[in-house]
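Q:
Protein chains: 4
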Amino acid sequence: MTTLIKNGTIITATDTYRADILVKNGRVCEIGGEISKIANEIIDATGKWVLPGAVDAHTHLDVECDGMTTVDDFESATAAAAAGGTTTVIDYAEQVPGGTLAGALEKWREKAAGRSVVDYGFHIALSEVTPGILGEIPAMVAAGVTSFHARLDGWGERYIHDGQLLELFESARGAGAIVCLHAENGDIIRTYLGRLASEGKTSVRYLPEARPPEVEAQATARAISIAEMARAPIYLSGISSAHAIEKVKAARDRGQVVYAETSPHFLVLTSERYEDPDGVKYTCIPPLRPSWHADVLWKAISSGDIHSIGSDHRAFHYAGQKDLGKEDFTRAPRGFAGVQERVSLVHSAGVAAGRISPNRLVDLVSASPAKIFGLFPRKGTLAVGSDADMILFDPATEVTLSKATSLSRSDYTPYEGMNVRGAPWMVLQRGKVIARENKVHGRAGQGEFLPAARFSVP
Amino acid sequence: MTTLIKNGTIITATDTYRADILVKNGRVCEIGGEISKIANEIIDATGKWVLPGAVDAHTHLDVECDGMTTVDDFESATAAAAAGGTTTVIDYAEQVPGGTLAGALEKWREKAAGRSVVDYGFHIALSEVTPGILGEIPAMVAAGVTSFHARLDGWGERYIHDGQLLELFESARGAGAIVCLHAENGDIIRTYLGRLASEGKTSVRYLPEARPPEVEAQATARAISIAEMARAPIYLSGISSAHAIEKVKAARDRGQVVYAETSPHFLVLTSERYEDPDGVKYTCIPPLRPSWHADVLWKAISSGDIHSIGSDHRAFHYAGQKDLGKEDFTRAPRGFAGVQERVSLVHSAGVAAGRISPNRLVDLVSASPAKIFGLFPRKGTLAVGSDADMILFDPATEVTLSKATSLSRSDYTPYEGMNVRGAPWMVLQRGKVIARENKVHGRAGQGEFLPAARFSVP
Amino acid sequence: MTTLIKNGTIITATDTYRADILVKNGRVCEIGGEISKIANEIIDATGKWVLPGAVDAHTHLDVECDGMTTVDDFESATAAAAAGGTTTVIDYAEQVPGGTLAGALEKWREKAAGRSVVDYGFHIALSEVTPGILGEIPAMVAAGVTSFHARLDGWGERYIHDGQLLELFESARGAGAIVCLHAENGDIIRTYLGRLASEGKTSVRYLPEARPPEVEAQATARAISIAEMARAPIYLSGISSAHAIEKVKAARDRGQVVYAETSPHFLVLTSERYEDPDGVKYTCIPPLRPSWHADVLWKAISSGDIHSIGSDHRAFHYAGQKDLGKEDFTRAPRGFAGVQERVSLVHSAGVAAGRISPNRLVDLVSASPAKIFGLFPRKGTLAVGSDADMILFDPATEVTLSKATSLSRSDYTPYEGMNVRGAPWMVLQRGKVIARENKVHGRAGQGEFLPAARFSVP
Amino acid sequence: MTTLIKNGTIITATDTYRADILVKNGRVCEIGGEISKIANEIIDATGKWVLPGAVDAHTHLDVECDGMTTVDDFESATAAAAAGGTTTVIDYAEQVPGGTLAGALEKWREKAAGRSVVDYGFHIALSEVTPGILGEIPAMVAAGVTSFHARLDGWGERYIHDGQLLELFESARGAGAIVCLHAENGDIIRTYLGRLASEGKTSVRYLPEARPPEVEAQATARAISIAEMARAPIYLSGISSAHAIEKVKAARDRGQVVYAETSPHFLVLTSERYEDPDGVKYTCIPPLRPSWHADVLWKAISSGDIHSIGSDHRAFHYAGQKDLGKEDFTRAPRGFAGVQERVSLVHSAGVAAGRISPNRLVDLVSASPAKIFGLFPRKGTLAVGSDADMILFDPATEVTLSKATSLSRSDYTPYEGMNVRGAPWMVLQRGKVIARENKVHGRAGQGEFLPAARFSVP
């Protein structure tokens, strides 16, 4: 089975050039100035950019959260991903308290198998750090999971102590894995939530007061300092604020191996949304910030201090789920859909706005997450031997985002009415067209599990 | 004319993969997993890395300096370059006081034409900043020179005032060019030199006292602050010290577009050499530093705060030239040979020592300088359409550097006796083998002038 | 001759306590809980603060500037000073190009002798840095001048090169003196002024564009770095912006001996004034800044990074002098009156507003400038043996500043209509009442010249 | 009862002057150039410095620690203090788990009453942060305790969570108190201790590995960030390292109210002592550091980033106590004697070595701790109305410290054999001579309890 993509402009994290691509058995077989071979299928990409299929290293699919289940499972979410140009998701497999990592991985492989439209890998999200859990890490690495996530916004029984954190970093480093962290200070948040509740400040407009940037910066600095003691790499999932990115910069200036991820919503939405009547639609953690934080995040993207942009896709309905928080924002489940819109949003606010080059776009949404999480060069680039995952991207098209364009099962999109420039025209997974002009052609279950390689500094 | 390179591992700034490369008419025509076409020449690169030909953005060839003429002209230096894997040099064409930029460019094109073994572009080194000079910049950009170099270590008539510097940055930015700077504070150096002379401290062991790191850091900060006022990019040529790199980091943290270049000798040689009986062999500016500076430079390479490594090749004989400084180091001309050893030294001290990945090596010695100076993707990568400049590199070979291995006309090498790991096995320029196992096959004059594109942020 | 001040609250830079003070022959003779001795004069200071007479280390009296002569000479200005609680001024004696330091000192001693109401010392403001000038420094120190001022906002012939600056710092340090600097980058200012002029932007609203904070910060960093090379102390006169104070903090964090002075107008006036129809009244250099800079200056006062507040008194008439700049701000002479209002303004915006303690007020307006400039403990404190210069200060009184309350000869005050809390009730110079409730009792000529001691770190 | 001190040079944190002091009823009654009144006692202080009695804000007397009882109770320790010029100690009253603050205060008042030679105040050291404890703070403030100490080097049940810390800061601020912290990360220390034990690394030479500077810096940053959220002042007790002081500087640069205390042993002893056969004599927490840390601490003293020097006096015998740790350093109780040597050590290594002025000495060992902990101006200065606590100090005398000169009951001194310049000649407490040439004249029980005033920024 061969496919020939002709006349496109290939863009990787480094290169931009005009060439044809021949795909054979799902892999890039040949790249040439003009390939005249016979192929089963020929796609004319004239005027299009040919980008590596995007890698979304931050999704939460088919998961219980805050007492509710997300509306998107692997089938619906990866269909949305495919439409948006994302051909790989790295989902958070959740270890339940008392459970094993192996159990988490097995459960998540079941959730994905037979359902996922795109390829997938896993982080394992730890609910606790025990000797048993740490002991399982090498086996998980052998099984293809090389990133382990912990949350610093827990408290009480969910609180992770610094000694545990140190051992987690050391165990991960020893096994060839990397630790990912959600960095907000849970103990302070608990205190703030208690006060807001006691003062009757339960409207979503008070969400930013429960989780201010200082709380994020503090936990970010804490995590970085422990990683430094362990001489271990660290990946900060979901950096939202200038305060937190300042800590990342300071560590990188010292030469520490620190990676930071932000999300499209931190770049294009602001905390003003919480003043809206339906502001609860926008609850996420960390919360949205005032607009000047986005300026700082863009600068950090330019300077190379932010490496990856993940969607943090965690979709809920407004009716019956998010709107439970109308009177009390803590009752709304956290998060919203975004896996589909990620690439277009970053292109529009980044490349089209003159902030970053197309190569940097590829780096942020494909190459860097693939490298950091051990999927490169199978994913994240277009080179001979790589999986033939591609976005034939039209940088000039303009789209108005809306529920009508959204393929998530969620009954709303936080980007309703937003105009973006640039969208996938066609999306290929291992050489097969899985989406075209926002219609999904791929089928549930065709996605494959991607074992991750051990971490090494790119 | 076609050439087929088979079975190598292609390494670019981003990618590492096994593939064959078909070259046609001097350009990469096709890259494929297994190319079975008939070619005029077939090279088996089994076990070799296939790197883009290296780009040395910092050479001084066939030039008068400190009252003497360098021993290498374009013929001898580019032969040495070719042997070492460098297929492009960007040389400094010097505008003489009272002369024009056009005159400098014309003179340098004459020096190179018919002599250069490898391809070449030019920076123009300004000896003064006048309205006339600034007015010529757009024409130079149109003629293919998009980088203009100024020195901050001049004094008296050679002193460049901040107003002039501001206008230089603004003129360059307006014309699509970038300003390069040698950043040491000339006025302070003049003072220190005067003192050392009056105290009879003229042995080369006092060179570091004439040009301490503080003097470099001060000028670096000065240049960066003026570039910031002009909202212009800046390229710092020849950063040698922790003090200076700290200023670079601070500016990049603020989001400023600052590029820093260091040289191999700052990474592998130290100021202890000035204590040697023949210490004057090692005079260069900035001077060599104590070893801890190299540690900081490597960290800055890792963090992405140093972008480019240039040789600063400026070759002299020890006998009759450098040794004139035995009694008085200021009588020794500055600089030494290095264009040939650059790639191997960075591989050995960087990749083989576990400090950087092979991709980062390519970035530092090829891709980034090519991008910053408008030669990419013709140079700096291996992609369809790029010039077929390649190093078939053997990462495992071990070489002892010596005058015997050096192709510079200089009667010594500063790296005498140093063992390095990794060396070019074969070097191709536009598809033709120009060097093989340290023997040059290319002929003088086959190198072409490379007009540079306007600067844009990569 | 004895005077007894009873029942006041004595406040020094360190202490606050209730006591009586006995003055004999102009000096503090005794401080006691209840002094019952017979005195020639007894003053009941019940309910008043007894502060050391204030020291204004930044005045420009009876001087030509921008082609005009200030309206205040030593008589009028020091009368205003006395009314405002300032019993010592340190004025800038100006060395004229080609002239000597001795000549400057002689001329200024003549200007002051027989005219000054308060005591006085001198800085010498250098117009150039030559070997001859540097050679005079030790003699000037012997003559009681231990601070030498240079401007970094000159250009062309007035430009001071870094080598000269280094030698100035070293000469001063060697002689026991300190260098004061006006830190703005003259060369950049010249460029900006030229552009504004060519664009017809000559209204005073464009003054901030000619001298933006970046220009101040750049020169501040430059001066600090040269002082560091010289291992010499440095006093930055007239810091106005957050950008500049950031450079001061960085140097102090490294352990460098750096002192910063700001002025009351930078704390209570803002650049919005330049939008006023009579905005030219407010021209000064550096210019007034947007209000957030004042917040940063107050924080630097709290953290101990600003040490001294001087008035920069340089008075002109609006009619016939400042208003010459109505069409072209560069034709307005720089500066305005302020020696009288300084203490009250800092008390009102500082102590009364809860930002600083009364002790810190004394430190800023008396003790620190007296210490840095070698007048302590004769001036700057109330201790046995100190000159009996005192402000009997009423912290509770409220005053509306206006031309009617101003004793400067200037036909306006920049503080017109401003309400302040706290004012001197009575002011004593060497035990004699020289002002009372804004009326001057002292006579011209009673002020004495104060030879300064050599600099030492307090 | 009156005492007249004649002919001394009075030195406060600000002033230096020659004067006589008349003491009446234990307080400074009068300061005059020449006081000729009749007094019960006349002391001729010709050639001596008259310093305010020193305030040691960090002692641990008569307390159980690590399962042992300190060898010094209030009687022996305050005798040693008196001999060394310290006339006020602020001791840590320890709240026991489950106990009340009132109980701690009562118990410590009992320990001190009838025994203390010098005056005393208390911090209360919290063993836990509960609503009950926080609720007691206002009553303690009313009872004269305005500083509350917490340890961040606890773990398990002794671990203080950030939410608790936030509430502690807020409660203290609300009540007019300040929080003091021992800042080392207990959880990491526990981990390191466990590893060292398992590796058999129990010799005291491994102590620095259990508590490295990173562990101190991390906890310091943690505490500062939570204080910032609470907008509360913070006092860091026992800063030992460059790493930690860097965090203090950063916070002070932001304008935060942060005070740092170090101890003489961090300035004059180094971690090399742990290599000694009797290295266990020097165990303390944080531990001694390599010598370059002391250089950084001195710079921070100069720049005003360290405010106070306390002894951390916590005395044990070598025989039978410290030597229990010979095989396992964790079995040695922490700390050693130092209350007696503090003033002389800081004078010798600071003033006599040219690092600080005599005024700054007074600031560090008397004025600042008195101000921060609400005892000023009763203590910490020599002003009319202040307690007549004085050191008649001989700056020129030279002393060799040894067990023979030490008045602690401990069977050794960590300063054995060290030569110091400067020592108290005579020490007065409220006008009475309590020590003379290292002999104690004061009697147990003459010291008084000093209620502290509420905290306000000096």
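Protein chains in written order, with our numbering: chain A, 1 to 458; chain B, 1001 to 1458; chain C, 2001 to 2458; chain D, 3001 to 3458. Yeah, the Cβ is synthetic: ideal placement off N, Cα and C, and Gly gets one too. Here the structure is a predicted model, which is why all the values come from computation and not from measurement.
Could you spell out where the alpha helix (DSSP H) holding A2232 (chain C) opens and where it closes?
A: Element bounds for A2232 (chain C): n/a, residue is neither H nor E.
Q: Measuring CB atoms only, is the segment 1015-1035 of chain B touching the segment 434-452 of chain A, in the sense that at least three cross pairs come out at less than 8 Å?
A: no
Q: Is P1290 (chain B) near the ligand GDP, in the sense that its beta carbon is under 6 Å from a heavy atom of that ligand?
A: The ligand GDP is not part of this structure, which contains no ligands at all.
Q: The alpha helix (DSSP H) with N3359 (chain D) in it runs from where to where?
A: Where N3359 (chain D) is concerned, the enclosing alpha helix (DSSP H) starts and stops at P3358 to V3362.
Q: Helix, strand or coil, according to DSSP, for F122 (chain A) in the structure here?
A: strand
Q: A3244 (chain D) versus chain A: which residues are under 8 Å apart at the beta carbon?
A: Near A3244 (chain D) there are no residues of chain A at all, since even the closest Cβ is about 12 Å away, more than 8 Å.
Q: Can you find at least 3 beta carbon pairs, one from the segment 3043-3056 of chain D and one from the segment 3007-3018 of chain D, that sit closer than 8 Å?
A: yes
Q: State buried or exposed for D276 (chain A), treating a residue as buried only when at least 16 other CB atoms are found within 10 Å of its CB.
A: exposed
Q: How far does the alpha helix (DSSP H) with D3091 (chain D) in it reach, from first residue to last?
A: Segment T3086 to E3094 is the beta strand (DSSP E) holding D3091 (chain D); no alpha helix (DSSP H) there.
Q: Spatial neighbours of A1039 (chain B) within its chain, please: C-beta separation below 7 Å, excluding the five flanking residues on both sides.
A: T1002, T1003, L1004 and L1022
Q: The beta strand (DSSP E) that contains A3242 (chain D), what's its start and end?
A: Unbroken run through A3242 (chain D) is the alpha helix (DSSP H), A3242 to D3253; no beta strand (DSSP E).
Q: Tell me whether V3204 (chain D) sits in a helix, a strand or coil according to DSSP, three-state version.
A: helix
Q: On a Cα-Cα basis, can you pick out the residue from A:E110, A:V343 and A:A223 that is closest to L152 (chain A)?
A: The shortest C-alpha separation from L152 (chain A) is found at A:A223.
Q: Using the beta-carbon of each residue, which ones in chain C are nearer than 8 Å to S1171 (chain B)?
A: Near S1171 (chain B) there are no residues of chain C at all, since even the closest Cβ is about 12 Å away, more than 8 Å.
Q: Which residues in the same chain as A3466 (chain D) place their Cβ atom closer than 6 Å to its Cβ, once the five residues preceding and following it in sequence are excluded?
A: Outside the displayed range of chain D (3001 to 3458) lies residue 3466 (chain D), so it cannot be described from this structure.
Q: When you compare the CB positions of F2329 (chain C) and V2204 (chain C), do they come within less than 7 Å of one another, or not?
A: yes
Q: Could you give the distance in angstroms between the alpha-carbon of R195 (chain A) and the alpha-carbon of L288 (chain A)?
A: 21 Å
Q: Excluding sequence positions up to five away, which residues of its chain have a Cβ less than 8 Å from the Cβ of E3170 (chain D)?
A: Result list for E3170 (chain D): A3230 and A3232, in chain order.
Q: Nearest-angstrom Cα distance between Q3340 (chain D) and K3247 (chain D)?
A: 30 Å
Q: Suppose only complete runs of 4+ residues qualify. What are the alpha helix (DSSP H) ranges in the segment 2096-2175 of chain C, listed by chain order?
A: 2101-2112, 2131-2142 and 2162-2175
Q: Within the same chain, show all residues whose beta-carbon is closer than 8 Å to that of S1357 (chain B), passing over the 5 residues directly before and after it, in chain order.
A: V1351
Q: Note down the Cα distance separating H3182 (chain D) from G3238 (chain D), rounded to an integer number of angstroms.
A: 7 Å
Q: Could you check where the beta strand (DSSP E) with T1262 (chain B) kicks off and where it finishes?
A: Here the beta strand (DSSP E) through T1262 (chain B) covers V1258 to T1262.
Q: E2030 (chain C) versus chain D: which residues are under 8 Å apart at the beta carbon?
A: E3030, I3031, G3032, G3033 and I3035
Q: Under 7 Å between the Cβ atoms of V1365 (chain B) and I1301 (chain B)?
A: no
Q: Does the beta carbon of R1252 (chain B) sit closer than 7 Å to a beta carbon anywhere in chain A?
A: Closer than 7 Å to some Cβ of chain A, the Cβ of R1252 (chain B) qualifies, so yes.
Q: Quick check: is the beta carbon of E214 (chain A) nearer than 7 Å to any beta carbon in chain D?
A: yes
Q: Leaving out five residues before and five after R334 (chain A) in sequence, what residues of the same chain have Cβ atoms less than 7 Å from its Cβ?
A: C65, D66, T283, C284, I285 and R314
Q: Does DSSP put Y1415 (chain B) in a helix, a strand or coil?
A: coil
Q: Under 8 Å Cβ-Cβ, which residues of chain A neighbour Y1017 (chain B)?
A: Ordered by position in chain A, the residues that pass the 8 Å Cβ test against Y1017 (chain B) are P377, A383, V384, G385 and S386.
Q: Tell me whether L2181 (chain C) sits in a helix, a strand or coil according to DSSP, three-state version.
A: strand
Q: Rounding to the nearest angstrom, what Cα-Cα distance links A2370 (chain C) and G2385 (chain C) in this structure?
A: 15 Å
Q: Could you tell me whether the segment 3407-3425 of chain D touches the segment 3385-3397 of chain D, using the rule of 3 or more Cβ pairs below 8 Å?
A: yes
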